[in-house]
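Take a look at the structure set out below.
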Amino acid sequence: MTFDFDQVFDRHGTGSTKWSRYPADVLPMWVADMDFAAPPAIIQALQKRLEHPMLGYSVAQDDLRDAIVADLWSKYAWRVQPQELVFLPGIESGFNMALHALVQPQQNVVVQTPNYPPLRHAPGHWQLNKIELDFDALADGTYATPLDALRQALQGGGALLLSNPHNPLGKVFPREELQAVADICLEQDAWIISDEIHSELCFDGRVHIPTASLSPQIAKRTITLMSASKAYNIAGLKTAFMIIQDAALRHRVNSARCGMVDSVNPLGLEATRVAYSEGRPWLTELMAYLQSNRDYLVEAVRIRLPGVTMNVPQGTYLAWLDCTALELDNPQQFFLEQAKVGLSAGLDFGDNARQFVRLNFGCPRALLEEGIARMERSLRNR
Numbered sequence: 416m417t418f419d420f421d422q423v424f425d426r427h428g429t430g431s432t433k434w435s436r437y438p439a440d441v442l443p444m445w446v447a448d449m450d451f452a453a454p455p456a457i458i459q460a461l462q463k464r465l466e467h468p469m470l471g472y473s474v475a476q477d478d479l480r481d482a483i484v485a486d487l488w489s490k491y492a493w494r495v496q497p498q499e500l501v502f503l504p505g506i507e508s509g510f511n512m513a514l515h516a517l518v519q520p521q522q523n524v525v526v527q528t529p530n531y532p533p534l535r536h537a538p539g540h541w542q543l544n545k546i547e548l549d550f551d552a553l554a555d556g557t558y559a560t561p562l563d564a565l566r567q568a569l570q571g572g573g574a575l576l577l578s579n580p581h582n583p584l585g586k587v588f589p590r591e592e593l594q595a596v597a598d599i600c601l602e603q604d605a606w607i608i609s610d611e612i613h614s615e616l617c618f619d620g621r622v623h624i625p626t627a628s629l630s631p632q633i634a635k636r637t638i639t640l641m642s643a644s645k646a647y648n649i650a651g652l653k654t655a656f657m658i659i660q661d662a663a664l665r666h667r668v669n670s671a672r673c674g675m676v677d678s679v680n681p682l683g684l685e686a687t688r689v690a691y692s693e694g695r696p697w698l699t700e701l702m703a704y705l706q707s708n709r710d711y712l713v714e715a716v717r718i719r720l721p722g723v724t725m726n727v728p729q730g731t732y733l734a735w736l737d738c739t740a741l742e743l744d745n746p747q748q749f750f751l752e753q754a755k756v757g758l759s760a761g762l763d764f765g766d767n768a769r770q771f772v773r774l775n776f777g778c779p780r781a782l783l784e785e786g787i788a789r790m791e792r793s794l795r796n797r
């Protein structure tokens, strides 16, 4: 491989959220932050940018917009215009802006659970009615949207907060299901707020389908949220963007900044430009490495972690581990205390997920192997 994903970096003392939460003897495998160096092209571009000593307020330049537009066409055959991009300091601010701008107090906001905690909590920030809709767990280890229940929940309009590829399930919505979900939203005059931050992280030859690319009618009711932060591991640069193709809708959502959502920093804008214009070779090798990590993890869980099961993630670098058979009161606390492995607690993702934990396998293989070895020993010593 051209790029070295096996190198282990010591992140203690760098202010890393991931590596600061727990004592130094705990291996953190929780937050969606990979333990790989950012692409060399991005590091080099940032170093060059810092040769200019001015770091004032910044706006997205045409070359950044053009790079994103070209990337969306290249990856998804989705035609977007440069003016349809709205830049933000994060995905979370985007879906909160959209909810505040679009949903009325008497309407429902549907969140498919389990789900990314900030998506679950967003309706409560605006005193909106939230309906948590569980996926149907299928016999083949995949998950499906209960369409009739979705239709019922969206009566009277409102919004669906969609996560695709899904965090934490690793589900990549197939076209037929995505179309059915979007059609229900159109039928009920509901908005689609689609968090697609993991769009580039799909395994086994799958290709992400942007919700808004399904049809012009669906695009008129969809707010798409994307970022280079997950795929290119630059989350700390706090740069994301909305894609809103309807001009009136774009103005309405962009006007809901409420004095809280500020501009984006210049280094984040530059890193995003380079990611989308020069990052494809690095991303290709990253995906091969992540898929190998995923396959290792699936087999390790099956053989070495009795009482733990998992579905095979179709995308992201996150694994959703079912610990029900272990009969633990708190699986996250058990692995933290007994294995010294810091995982994400299932209850953060849904009220019915107490027996689950989320594991981040976006790391050098040596760290993944160490995490599995620690968990294996903790179960052996119960």
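Just so we're aligned, residue 416 is where the sequence shown starts under this note's numbering, counting upward by one.
Even glycine gets a Cβ: it sits at the ideal position worked out from N, Cα and C.
Note that the structure is predicted; figures quoted are calculated from it, not measured.
When secondary structure is reduced to three states using DSSP, Glu-602 falls in the helix class. Secondary structure note for Trp-735: its beta strand (DSSP E) is the uninterrupted segment 733 to 737. Within the region 521 to 550, the complete beta strand (DSSP E) segments at least 3 residues long are 523 to 528 and 544 to 549, listed from N- to C-terminus. Of the residues Val-756, Lys-433, Ala-460 and Ala-715, the one whose Cα lies closest to the Cα of Gly-683 is Ala-460. Burial is judged here by how many other beta carbons sit within 10 angstroms of a residue's own beta carbon; Pro-529 has at least 16 and is buried. It is roughly 14 Å from the alpha-carbon of Asp-619 to the alpha-carbon of Leu-701.
Counting only residues of its own chain and dropping the five nearest sequence neighbours on each side, Ser-628 has a CB closer than 7 Å to the CB of Tyr-491 and Trp-493. Boundaries of the alpha helix (DSSP H) around Met-702: 695 to 719. Spatial neighbours of Glu-693 in its own chain (CB-CB distance under 7 Å, excluding positions within 5 residues in sequence) are listed in chain order as Ala-456.
The region 462 to 475 makes no contact with the region 664 to 675; the number of CB pairs closer than 8 Å stays below 3.
In this structure, DSSP gives Arg-773 an extended state, which the three-state scheme calls strand.
When rounded, the separation of the alpha-carbon atoms in Met-725 and Leu-782 is 19 Å. Beta bridge pairing from DSSP links Cys-617 with Gly-730. Counting other Cβ atoms within 10 Å of its Cβ, Ala-703 stays below 16 and is therefore classed as exposed. If you keep only unbroken beta strand (DSSP E) runs of at least 3 residues inside the region 615 to 651, you get 637 to 641.
Across the set Arg-769, Gln-770, Gln-660 and Ala-754, the C-alpha of Ala-754 shows the shortest separation from the C-alpha of Tyr-437.
Annotation: Ile-506 is outside any beta strand (DSSP E); the continuous alpha helix (DSSP H) that includes it extends over 506 to 517.
DSSP lists Pro-443 as the beta-bridge partner residues of Gly-757.
Around the beta carbon of Cys-617, a 10 Å sphere encloses 16 or more other beta carbons of the protein chains shown; the residue is thus reported as buried.
Judged by DSSP secondary structure, Leu-461 falls within the alpha helix (DSSP H) whose first and last residues are 455 to 464.
About 5 Å separates the beta carbon of Trp-445 from that of Gly-757, a gap short enough to meet the 8 Å contact definition. Non-local beta-carbon contacts of Pro-533 in its own chain, meaning distances under 7 Å to residues more than five positions away in sequence, involve Glu-507 in chain order.
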